[in-house]
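For reference, the structure discussed in these notes is given below.
Number of protein chains: 2
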Amino acid sequence: MNQTERLDRVFAVLSDATRRAILARLEREERGVSVSDLARPHAIKLPAVMKHLDVLDDAGLITRAKTGRTVTVRLQPKPMREAMEWLRRYERFWSASLDRLAAYAEAKENETRKAGK
Amino acid sequence: MNQTERLDRVFAVLSDATRRAILARLEREERGVSVSDLARPHAIKLPAVMKHLDVLDDAGLITRAKTGRTVTVRLQPKPMREAMEWLRRYERFWSASLDRLAAYAEAKENETRKAGK
DNA sequence: TGAACACTTTACCCTTCGGTGAAGTATATC
DNA sequence: GATATACTTCACCGAAGGGTAAAGTGTTCA
Numbered sequence: 000m001n002q003t004e005r006l007d008r009v010f011a012v013l014s015d016a017t018r019r020a021i022l023a024r025l026e027r028e029e030r031g032v033s034v035s036d037l038a039r040p041h042a043i044k045l046p047a048v049m050k051h052l053d054v055l056d057d058a059g060l061i062t063r064a065k066t067g068r069t070v071t072v073r074l075q076p077k078p079m080r081e082a083m084e085w086l087r088r089y090e091r092f093w094s095a096s097l098d099r100l101a102a103y104a105e106a107k108e109n110e111t112r113k114a115g116k
Numbered sequence: 000m001n002q003t004e005r006l007d008r009v010f011a012v013l014s015d016a017t018r019r020a021i022l023a024r025l026e027r028e029e030r031g032v033s034v035s036d037l038a039r040p041h042a043i044k045l046p047a048v049m050k051h052l053d054v055l056d057d058a059g060l061i062t063r064a065k066t067g068r069t070v071t072v073r074l075q076p077k078p079m080r081e082a083m084e085w086l087r088r089y090e091r092f093w094s095a096s097l098d099r100l101a102a103y104a105e106a107k108e109n110e111t112r113k114a115g116k
């Protein structure tokens, strides 16, 4: 799997609120959560949760371990790093545009003052 | 539009390589790029590019300004900030797991040394 | 052994997504 | 006025996405 595909998958995972909630839950519970516990808070049936877990798995964001009849799901956030790195490039741009906005506001302010309005 | 919906849309934008390429291009050219210039490097027809631009627009990631018959597209990266903030929560987790990995490796190392292998 | 439990798989539904060809609109340019 | 340019809209297509009900598998417990 190349970088492009990895980014596609991780960002696709993150574009769904249910999956983000699952990730957030796993982040809080480092020891892992069973599939049914993960499903409980959501208003969807188990098979739908299964599909979400498959998507998370394909993106490499979780690991699953079966013990007896229960499956423990754990977070594997490493693939998020690449996504974060990708986004980081735009960080300077936000600050830059905020700076520009501030500069503009200031210029406007001075202009107004000079005009004696 | 609430936060959940904004995150859905921004991450959905980012899950497509063509759209990431468009964003990257716009990041390099701060003065804006025309629609046809944006489309040129991609092996898809204009209507497809249009749809990508609509998706970017709906997520608030670009602005479009028509002058004569050409439309200039500019980056508006502010909505990415929220997405980045969301991801940032997992940053500590990467470092944490890297730390744990390092600790494990070190323990293993000592163990091996003690055993005199 | 039989029933309950914790998933998992299958088959299906409807909607959204990413793409196309073709036709349409508005603005240059000759 | 005719033609080229720069989009834009429309109608369509096949694949993928998120959901369901129902049936299946393996484990635990009485």
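Chains as they are written, first to last, in numbering that gives the first Met the number 0: chain A, 0 to 116; chain B, 0 to 116. Just so you know, even glycine gets a beta-carbon here, dropped at the ideal spot from N, CA and C.
### Task
Look up residue 14(B) in the DSSP assignment and say whether it is helix, strand or coil.
coil
### Query
Does the segment 43 to 60 of chain A come within contact of the segment 41 to 59 of chain B, defined as at least 3 CB pairs closer than 8 Å?
no
### Task
Below 8 Å on the Cβ atoms is my guess for residue 26(B) versus residue 88(A); work out the distance and round it to an integer in Å.
7 Å
### Task
With DSSP collapsed to three states, give me the class of residue 61(A).
strand
### Query
Going straight from the alpha carbon of residue 4(B) to that of residue 10(B), what length do you get?
Between residue 4(B) and residue 10(B), the alpha-carbon positions lie close to 10 Å from each other.
### Task
Figure out for me which residue from 86(B), 91(B), 90(B) has the closest Cα to the Cα of residue 12(A).
86(B)
### Message
For residue 104(A), count the other beta carbons within 10 Å of its own beta carbon; 16 or more makes it buried, fewer makes it exposed. Which is it?
### Response
Annotation note: pLDDT 44 at residue 104(A) (below 50); position unreliable, coordinate value reported separately. Its Cβ having fewer than 16 others within 10 Å, residue 104(A) is exposed.
### Query
Under three-state DSSP, which class holds residue 39(A)?
Coil, per DSSP.
### Task
Kindly list, in the order they appear in chain A, the residues whose Cβ is closer than 7 Å to that of residue 3(B).
16
### Message
Against chain B, does residue 52(A) count as a neighbour if the rule is that its beta carbon must be under 8 Å from one of theirs?
### Response
no
### Task
Confirm, please, whether the CB-CB distance from residue 34(B) to residue 55(B) is below 8 Å.
The criterion of a C-beta distance shorter than 8 Å is not satisfied by residue 55(B) and residue 34(B).
### Expected contact under 8 Å - CB spacing of residue 37(A) and residue 21(A) to nearest Å
Rounded, the Cβ-Cβ distance is 6 Å, consistent with contact.
### Message
As a quick exercise: from 90(B), 31(B), 80(B), pick the residue whose alpha carbon is nearest that of residue 62(B).
### Response
Distances from the CA of residue 62(B) to each of 90(B), 31(B), 80(B) were compared; the closest alpha carbon is that of 31(B).
### Query
First and last residue of the beta strand (DSSP E) that includes residue 73(A)?
69 to 74
### Query
Which bits of chain A does residue 24(B) rub up against, with CB to CB less than 9 Å?
Chain A residues near residue 24(B): none, gap ~12 Å exceeds 9 Å.
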